[in-house]
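Undergrad:
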Amino acid sequence: MNTKLTSLLCCPVDRSVLRLESLNDRTLGNGEKVIIDGWLLCEACHQKFPIIDEIAFIAEIELLDRIEPVRRFWTERGAIPQRVQSTSQSGNALLREVQTFWSDRPTAGKWDTDEEQMEGLERWRRESHPWLESFAGYERHSAQLMLEVGCGQGLCTYRFAENGANVVALDLSFDSIVLAQKRLRRKGLSDKVDLVLGNAQSLPFLDDRFDFVYSFGVIHHSPDTAACVREIARVVKSGSFVLVMYYYTWSLTKLIEASARLANRVLTWVTGDEQAFLKLARRMLGGYADKHTAQFLKTGKAATLHAPVIHTYSRRQTLAMFTAAGFTNIQFALTHLSEEVAFVLSKLRMSSLIPILARRVGWDLITTATKRG
Ligand SMILES: C[S@@+](CC[C@H](N)C(=O)[O-])C[C@H]1O[C@@H](n2cnc3c(N)ncnc32)[C@H](O)[C@@H]1O
Ligand SMILES: [Zn+2]
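Read in numbering that gives the first Met the number 0, the sequence shown has 163 at position 164, and its numbers run on one by one without any break.
Right under this line is the structure:
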């Protein structure tokens, strides 16, 4: 963690400023210092947030206390914290579940996480989200101080960093952050990015600090999405721009989910065979049905992602949520069909419809907005 970051940070519980204590640091070519190991101390609640191997861990204690390196760090230095009152106590049991899910499966199970696979994952992202390059506008944020909320393994983070942005990248999942760090180190970009393990519902940053906030596929997986939007509004500078992607309610994925649920009920009722829908799906989709339709019948969800929290929002709900948080100039774009839907369409020889449907009933709703001055 670059010492410069300290002027942006605050305690996620009481928003007091944090005092930096270095145990071990290194100096960059330009004279700036990077803390390798150290503490960030809250003078109000006396919480000691650790910095370990350059990653700052600044979240409510119940989101840190199961992370092995954090426990070891606290234990070795006799600094095991008293439990502190959290600002978002009610959501934290579910948040811990969310954290575990994404730490166990940092790529949502879509890819192995060995280092050799890192480039494969980048290729997968480029191929499955070809539109992302133009939407994210990686090259438009050069020299800006930006925050990425929910960086995951750093698939977008490194693109912003290599295009000249100064990035603070935050995620709740320790395994994801470590993979992001590996990716950035491999690419020689780690000095351009500060990594923070933190919670989007109570960001550890002072008000009005960032030139740009970006969040791709994250806050709909957090129990309180509206709190994340409010936090994003709080930390971005007035007049500055944010880009947030989450799932869209009136999407083909949700429509197929509802239709499949209905078809399953009707077929079971008509035939008396609980497997009738699966058998029909097998006939239409082959082996894919065993992988996904069987799962769907168990969970009732059409998308293969089985994260503990998957909220979806309409444009109207988004407008209300972003307006209430203090944004103006709120604009939308729809894109992307979930993998399952794209697969079914290609099986039905309707692949040419994919881009058209994505624009109208896509799964990804991209919202851009400006913080009111
Ligand atoms: C689908 S992944 C997206 C990761 C990355 N943005 C990308 O495009 O590859 C969702 C990420 O959201 C993170 N996440 C979910 N809830 C969060 C929260 N409350 N605070 C911070 N990160 C959160 C998860 O840990 C996970 O890494
Ligand atoms: Zn505090």
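Backbone N, C-alpha and C define an ideal beta-carbon position, used for all residues, glycine too. The structure displayed is predicted, hence computed values, not measured ones.
Taking only the alpha-carbon atoms, compute the straight-line gap between D373 and K290 and give it to the nearest angstrom.
TA: Residue 373 lies beyond the stretch modelled for the chain, which goes from 0 to 372, so this question has no answer here.
Undergrad: If you compare alpha carbons, which of R25, L318, I57 is closest to W38?
TA: I57
Undergrad: With 16 other CB atoms within 10 Å as the buried threshold, where does A368 fall?
TA: buried
Undergrad: Give me the residue from K181, L344, L144 with the minimum Cα distance to D210.
TA: Comparing alpha-carbon positions, the option among K181, L344, L144 lying closest to D210 turns out to be L144.
Undergrad: I'd like to know if the region 260-272 and the region 347-364 are in contact, where contact means that at least 3 CB-CB pairs between them fall below 8 Å.
TA: no
Undergrad: For the putative contact between V148 and F159, defined by C-beta atoms under 8 Å, what is the C-beta separation to the nearest angstrom?
TA: About 13 Å; that fails the 8 Å criterion.
Undergrad: For F342, which beta-bridge partners are listed by DSSP?
TA: DSSP, once it has assigned bridges, lists no residue as partnering F342.
Undergrad: First and last residue of the beta strand (DSSP E) that includes Y157?
TA: First-last for Y157: 156-161, but that is the alpha helix (DSSP H), not the beta strand (DSSP E).
Undergrad: How about V212 and V192: do their beta carbons lie closer than 9 Å?
TA: no
Undergrad: Taking the straight line between their C-alpha atoms, what separation do you get for R70 and E59?
TA: C-alpha separation (whole angstroms): 14 Å.
Undergrad: Helix, strand or coil: how does DSSP classify S350 here?
TA: It is helical.
Undergrad: How long is the line joining the alpha carbons of Q84 and V12, rounded to whole angstroms?
TA: Because Q84 sits at a pLDDT of 44, beneath the cut-off of 50, its placement in the model cannot be relied upon, and the following sentence gives the value as read from the coordinates. Near 7 Å, if we compare the C-alpha coordinates of V12 and Q84.
Undergrad: Please work out which residues of its chain come closer than 7 Å, Cβ to Cβ, to L27, disregarding the five sequence neighbours upstream and downstream, and give them in chain order.
TA: V33, D190
Undergrad: For T298, is the classification buried or exposed, using 16 other Cβ atoms within 10 angstroms of its Cβ as the cut-off for buried?
TA: exposed
Undergrad: Per DSSP, what are the beta-bridge partners of M145 in this structure?
TA: V166, F211
Undergrad: Go ahead and pull the three-state DSSP assignment for R14.
TA: DSSP places R14 in coil when its eight states are reduced to three.
Undergrad: At which residues does the beta strand (DSSP E) containing P49 begin and terminate?
TA: From DSSP, the beta strand (DSSP E) with P49 extends over 47-51.
Undergrad: Along the beta strand (DSSP E) that carries V241, what are the first and last residues, could you check?
TA: 235-246
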